[in-house]
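Asks:
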Amino acid sequence: MPFANDHKRIWACRYCGRRCRTEKGLNSHVTQVQCWKAGLPLMTPQSMLATCTTSLQTLLSIPTAPEPDSTHTTRSRHIEIQAQAELQNNNIQRDDEEGLNNNRTGPNPHSGSSSNMNTNSSSYPQEQRLCIESFPGAAAVYYPGKTAMDEFNGDRFATERETNLYYPFANRNEWQSANWLLTSSLSMGEINTFLKLEATKNHHFSFRTAQELKARMDLLPTVARWKSKRLIMDPSYPTKKPVHLFYRDAIEVLQDILKSPLVQDFLSFTPLQIFETAAKLSRVYDSWLSSERAWRLQSELPQGHTLIGTILSSDKTTISVMTGNRCAHPLLISIANIDCEYLSKASHHLFQLLALLPIPTFTHRSREIRGVLDNRMFHRCLDIVLQPLKLAAAVGVMMADPVAKIDALATKSDPQDIERYWPLAQKSRTNGVVDPCWRDWASSDPSEFLLPEILHHWHKFFFDHDLKWCINVVGAEEIDFRYSLVQKRQGFRIFAEGISRLKQVTGRDQREIQRYVVTVVAGATSNRFLLAVRALCDFRYAGQAPRFNDATAMRVQRALSEFHEVKDEVLKLGGRLNSKGEPLENWEIPKLEFMQSVFPSIKSSGPIIQWDANKTERAHITTVKVPARSGNGREYETQICRQLDLQSRMRHFDLMTSMKDANVDFRIINDSEDIDGSVEPDLASMPSEPTTSSTTIMTTSDLIDHVLPVSTKIWGSTRSTKNLFTAAASLRNDPNAPQPLRTFLGNRGHTAFHLIREPDLKTYTVHDAQALFQLPDFSVALLDYLNRARSGTSAFAIAGRRIADEVSTEFPFSIKIWSKLHIQGKQYHDIHLPNDTHTVFATPPDADWRFGRNDCALINIDDQNVWPQSSLEGHCVVMVKMIFAPAYSKNKSHHPRTDEFLAYCERFDVVNQPAPPPQYADIPCYQAWKPYYPDYFSGCYVLRKALRANGKPFGDIIPISQFRAQVDVTPRLRGAADSRLTRSNVMAYASDYLLNKYWEKELWYALEKSDLCARC
């Protein structure tokens, strides 16, 4: 029964929420009460996003009239994308035949293009130094086609939504309730129970059961539909069950991704060549579009055509909980033209499930033959799913068949006779696949599109190999004890029980272990073995940079070369063992061999961090595991498809209604002529202008400005990253903020600090604090600080002899003491973006920490050097012993520089090391702290506590504003570690220390000092 015939429509005011029975009553309410003048915000549902201003068909194929002198003569095949059909039955289209309908190909003389021309997707500290060239004639902008809002307004229920925006629901409140019920973890039975409650019945929902609620969702506007196909198997190699492939049209899925206005500002379609200087001697690679391959692929397209990079990710995942062996094989898809950092946010839903690949169970007895059959099934399914993308890529010159060697084998043995074919394939080092999925994909090369991946290729390699070498060489008991001595840092994991017995670990655990492996192993084994471990760590850290130039890209390769030079030491010390504990005398590790492709991949496809699998692993949870577990456990593939279709419909509907409720329209504003003036507009194909008085916007920033006042959440996560710089600027402009400010900036504005409002220890005298923290010269150091401040010192350093004598008199102020300080810096590769916030502790001695809990920090002692671009020059490493601020009583004058937060710190001195080998002496990391060299084998600077003539630590008072970053200083243990050492006393008893640059990537980048673009 139609919704309008069974339920009365309720009219609600969009400002105050008052409900009226008729539209006339609502108009009277608005006219008489005029609540819209009271400043009340519009009551909108969760505001997500409008659509991108273009359709994907206008981006994939653009008919242009080439200029007479154009060198692009390649003929193009245009792709006509047919309109979506409505989902039939269970929202899944079932095809009887295995082939795809190829009717989508054919000329489209009226297709247009509208693309974002933002060609500089990254911000640089010194943009004037960069020379940026855009590909000429790429991504031509034409008059826009229909937006998603136009399609929403033309939906089959558009007439009903003219009077009730939330049809098939009664009003906004009912839609919000329905949305919450179906996105929650409630089962169908629990939803029915909820709807039967008396409190729920009082709301008079138009649906009474969960089944009726889901039926309403089928009336929402459609999205990319799901299809299923039964695959006909070879009778010679049967399976236990019929094999079904569930998939969607790749072009339609990409269209859905491009429908977000919040993506608009992060999209770029023009390939770039970025050079460090106008001399064009060194390239910069910061995205896929700035890579050599993107430029080359664009040159193969006719002028004006647009290049879209497709990201495909496939990996099996377990969907069973605790027990069972249920697995799924999802294939995810996204777009490489979207900014990498924005793409990595799981809450943006930019990685969409394209297909659920079957996992057949073959009945053949041979395990190797079953493996060949699995490989062939994988490529067969990809051949079907990726067919629309292959058609879209058929613009330009076709490549030769990349598997010519397999074709030659076919003359010797029938590929269908796998028992005879497989031995021949093994001799040629192939996996037995005869028809790879990329064989007919234009401009495809497996050596270029099969990219390195950080999570599995690097971090898991470390856990499976590097760490095992260290355990075998150092010894499990020794390395566990050394890891138990690692200092506790807030936000970082420690391993009090060691790491030798770890089995199932996450990618984060693997990264946490890597932070300390070099400093833990240092001194426990040979220098050559330590160098092998350090070289691979340098390789991983250098390869994770968000931007490369020729020098930093070569740094990755040079680190790998260092490892290969000394890798024989690992075998010599018995580091490589098989499962039986027997030594291995080979390096047959596929992931190690694949590392050779990292350097060429950076130049070919841009930074490796773009292809990190962390975001796709997270997408497995939202697109596969959660939908599978919300069903009844039977036919999980079908239930996953239904659940994802439901979620996509709801997000799209919520998006459109939020936009209309906020009275905004997202589209390109048409000018009187086209941007390039070369093509006349087709007025018949252009959408009509909106008839309502809505505000037309065309950028993400404008959308946020218009929608945020009426909606608290547009799209994505509501939990923003802490930005102390913004908070400090807000407090600085607030005249009523209590002084001294608890959130403030450093003396150069590149570092922000935060302390809690109330101190941990209040109103201590100087001498009481000196006794509590066991700092014999604290009072003298405070007097020296006051004298230096009175003389006009701007940058304080821990140096020089004591000026004041022993103090016995009382100070004119007391002190308030804080136990921790939050510090936030700027990112090395982009000084406009804040780094993660770190916490520096400085607590007095107690039962748990005999010598106090004291973290280490980096302070600036020369205003001419700016962290992190200047690296360690003009800086000093200190241990923070006390954080305090003077507290004067009323009507007492203040000493200079006592109206700010201070810290008592003890200095570390650098112990210079021998110069590195000549072939590596030019690497910038060896000039990060002139004239000192780091230890070549560990890559870390060697430190030692600075002592005065009387043998006491060298300490002084330093303003907090001179702090720059928290650092990790690790004791340098030689030989077997003393069993009496603990985490609380090892820093006090050690004689030498290592400045662990592997503790954090941002610290590693600063000490490498190799990215010229980041220098000031």
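Per this note's numbering, numbering of the sequence shown is gapless, rising by one per residue and ending at 1030.
Quick reminder that beta carbons are idealized off the backbone N, C-alpha and C, glycines included.
The model shown is predicted, which means the values in this text are computed figures rather than measured ones.
Cα separation between T119 and C655?
Replies: With a pLDDT of only 36 at T119, under 50, the local geometry of the prediction cannot be trusted, and no value is derived from it.
Asks: Could you check how far apart the C-beta atoms of L796 and M896 are, in whole angstroms? I think they sit under 8 Å.
Replies: Their Cβ separation, rounded to whole angstroms, is 10 Å, which puts L796 and M896 out of contact at 8 Å.
Asks: For L598, which residues of its own chain have a beta-carbon under 6 Å away from its beta-carbon, when the five flanking residues on both sides are left out?
Replies: R590 and N592
Asks: Whole angstroms is fine: what's the gap from L464's alpha carbon to L326's?
Replies: 10 Å
Asks: Please report the residue range of the alpha helix (DSSP H) in which W436 lies.
Replies: I432 to K441
Asks: Less than 8 Å between C-beta atoms, sequence neighbours within five positions excluded: which residues of the same chain meet that for Y650?
Replies: I333, R340, A342 and A642
Asks: If we cut at 8 Å on Cβ distances, does H578 have a partner in chain B?
Replies: In the structure shown, chain B does not exist; there is a single protein chain.
Asks: Under 6 Å Cβ to Cβ from Q784, same chain only, skipping five residues before and after it: list those, please.
Replies: F792 and S793
Asks: Given a cut-off of 8 Å on the beta-carbon distance, is the pair V547 and C451 in contact?
Replies: no
Asks: Measure from the alpha carbon of K736 to the alpha carbon of each residue in L847, S615 and K629, then state which is nearest.
Replies: L847
Asks: What is the rounded straight-line gap between the Cα of Q941 and the Cα of Y947?
Replies: 7 Å
Asks: I'd like the list of long-range same chain contacts for A1020, defined as Cβ closer than 6 Å, with 5 residues on each side in sequence excluded.
Replies: Y842, P882 and S885
Asks: Beta carbon of C551, beta carbon of V531: below 8 Å?
Replies: yes
Asks: Report the rounded CA-to-CA distance for E1014 versus I527, giving the unit in angstroms.
Replies: 12 Å
Asks: Quick check: the Cα distance between S61 and L268, rounded to an integer number of angstroms?
Replies: Summary for S61: the model assigns pLDDT 31, below 50, so the residue's position carries little reliability, and this model does not support an answer.
Asks: For my contact list, A567 and K617 are in at a C-beta cut-off of 8 Å; report their separation, rounded to the angstrom.
Replies: Contact between A567 and K617 is confirmed by a C-beta separation of about 6 Å, below the 8 Å threshold.
Asks: Using C-beta distances below 8 Å, list every residue in its chain close to N541, excluding the 5 sequence neighbours before and after it, in chain order.
Replies: F951
Asks: Return yes when the Cβ of T765 is within less than 8 Å of the Cβ of F977, no when it is not.
Replies: yes
Asks: Ignoring anything shorter than 3 residues, give me the beta strand (DSSP E) runs that lie fully in the stretch 145–174, in order along the chain.
Replies: 145–148
Asks: Check whether the Cβ atoms of E467 and A627 lie closer than 8 Å to each other.
Replies: yes
Asks: Measure the Cβ-Cβ separation of L370 and F221 and say whether it is below 8 Å.
Replies: no
Asks: Please name the residue or residues paired with L775 in a DSSP beta bridge.
Replies: I831
Asks: Count Cβ pairs between the stretch 967–974 and the stretch 798–809 that sit closer than 8 Å; are there 3 or more?
Replies: yes
Asks: Under 8 Å, do V487 and G588 count as touching if we go by C-beta distance?
Replies: yes
Asks: Comparing alpha-carbon positions, which option in K330, F506 and E174 lies nearest I635?
Replies: Residue K330 is the option with its Cα nearest to I635.
Asks: How big is the Cα-Cα spacing for L345 and D748?
Replies: 52 Å
Asks: Quick check on Y947: does DSSP put it in helix, strand or coil?
Replies: coil
Asks: Counting only runs that start and end within the stretch 868–938, where is the beta strand (DSSP E) found for 3 or more residues in a row?
Replies: Those beta strand (DSSP E) runs which fall completely within the stretch 868–938 and span 3+ residues are 870–874, 889–901 and 916–925.
Asks: Between Q524 and the rest of its own chain, which residues show a CB-CB distance below 7 Å, the 5 nearest in sequence each way excluded?
Replies: H473, K474, F476 and F477
Asks: Under 8 Å, with one C-beta from each stretch per pair, do the stretch 757–776 and the stretch 823–837 reach the 3-pair mark?
Replies: Taking a cut-off of 8 Å on C-beta distances, the stretch 757–776 touches the stretch 823–837, as three or more cross pairs fall below it.
Asks: Give the straight-line distance between the Cα atoms of S1024 and N563, rounded to the nearest whole angstrom.
Replies: 9 Å
Asks: May I ask you to report which of helix, strand or coil DSSP gives H218?
Replies: coil
Asks: Compare the beta carbon distance of I812 and C890 with 8 Å and say whether it is the shorter of the two.
Replies: yes
Asks: Just verifying my parser: in three-state terms, what is the DSSP assignment at A556?
Replies: helix
Asks: Return helix, strand or coil for P316, following the three-state DSSP convention.
Replies: Collapsing the DSSP output to three states places P316 in coil.
Asks: Could you check the C-alpha separation between S662 and F680 for me, to the nearest Å?
Replies: 20 Å
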